[in-house]
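Numbering of the sequence shown is given in our numbering, commencing with residue 1 and proceeding in unit increments. Read the structure below first, then the notes.
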Amino acid sequence: MGDQDLGDRSLEAARRQPVARNDNDALLVERIRARDMVAFEELYRGYYDRLARFVLKRVHRPHLVEEVVNDTLMVVWDHTDSFKGDSRLSTWIFGIAYRKSMKALRNHQDPMEDENAESHVSPELSPEDNLGRRRNRELLLEAMEGLSVEHREVLELTYFQEFGYQEIADIMSCPVGTVKTRMFHARRQLRRLLDGTLPDWI
């Protein structure tokens with residue numbers, strides 16, 4: 001059997017798999033299932049920076065970020081068949097990144113490094129971002145450091161990663177009700193830490 005036949009059969013098998021809700025994601029998943037390296041490189045470029053920011057906020061160790069992100073994307077490459085298409089592709093990928101981050105934290109108990117080093121793994125804010133907005137964001141992030149890990153994570157996933165409650169539940173492997181309860185308590189504690197005020201978008 002020739003390489004062309006194998007390729008055709010692989011592509012046909014990929015097409016029989018459930019696909020993502022977003023048409024672009026669906027096509028990308030099909031191509032990766034068919035072992036299309038160009039498609040994987042496209043996904044890698046599209047997700048790397050966002051995953052790096054997400055991972056750094058969990059592990060607080062810049063030297064682990066690349067390792068965790070690459071481990072995450074390797075799981076995507078090796079186990080695309082486990083993606084059933086009943087959620088957004090990003091939800092599935094961030095769920096993998098979340099679990100990889102927690103594993104990295106358990107395996108590396110070295111002292112945390114300054115989270116300001118995030119600038120080494122993600123682009124700077126664009127010049128058009130006004131100073132007031134940046135300052136509000138900085139104050140919010142500082143206040144969030146006073147929250148528990150669980151409460152900080154639901155705020156991060158909701159307001160900075162823009163996931164819905166069901167998607168957060170999928171990422172964190174917990175019931176939606178738990179996410180909602182954590183959000184309620186996170187907002188209440190955040191209001192206290194910010195002297196009774198919250199930004200309009202929180």
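In this text, a Cβ means the ideal position worked out from N, Cα and C, and glycines have one as well.
Per the coordinates, the alpha-carbon of residue 32 lies some 10 Å from the alpha-carbon of residue 41. Membership of residue 42 in the alpha helix (DSSP H) is indicated by the continuous run 37–59. In this structure, the beta-carbon distance from residue 55 to residue 68 falls below 7 Å.
Cβ neighbours of residue 158 within its own chain (closer than 6 Å, five residues either side excluded): none.
Judged by DSSP secondary structure, residue 97 falls within the alpha helix (DSSP H) whose first and last residues are 89–107. Residue 156 counts as buried, since at least 16 other C-beta atoms from the protein chains shown sit within 10 angstroms of its C-beta.
At the C-beta level, residue 154 and residue 186 come within 7 Å of one another. Nearest Cα to residue 167 within the set 70, 182, 90 and 103: 90.
Distances from the CA of residue 106 to each of 71, 43, 59 and 37 were compared; the closest alpha carbon is that of 59. Beyond the five residues adjoining it in sequence on each side, residue 80 comes within less than 7 Å, by CB distance, of 29, 32 and 33 in the same chain, given in chain order. Ranking 50, 43 and 57 by CA distance to the CA of residue 142 puts 57 first. If you draw a straight line from the Cα of residue 178 to the Cα of residue 62, it is about 30 Å long. In this chain, the alpha helix (DSSP H) harbouring residue 26 covers 23–33. Judged by beta-carbon spacing, residue 97 lies within the 7 Å limit of residue 51, meaning their Cβ atoms are closer than that value.
Residue 188 and residue 181 have their C-alpha atoms roughly 11 Å apart. For residue 36 and residue 162, the gap between their C-alpha atoms comes out near 29 Å. The three-state reading of DSSP puts residue 160 in helix, counting H, G and I together. Counted as a single uninterrupted DSSP element, the stretch harbouring residue 85 is not any alpha helix (DSSP H), since DSSP gives it neither H nor E. A check of alpha carbon separations from residue 23 across 73, 38, 72 and 85 identifies 85 as the nearest.
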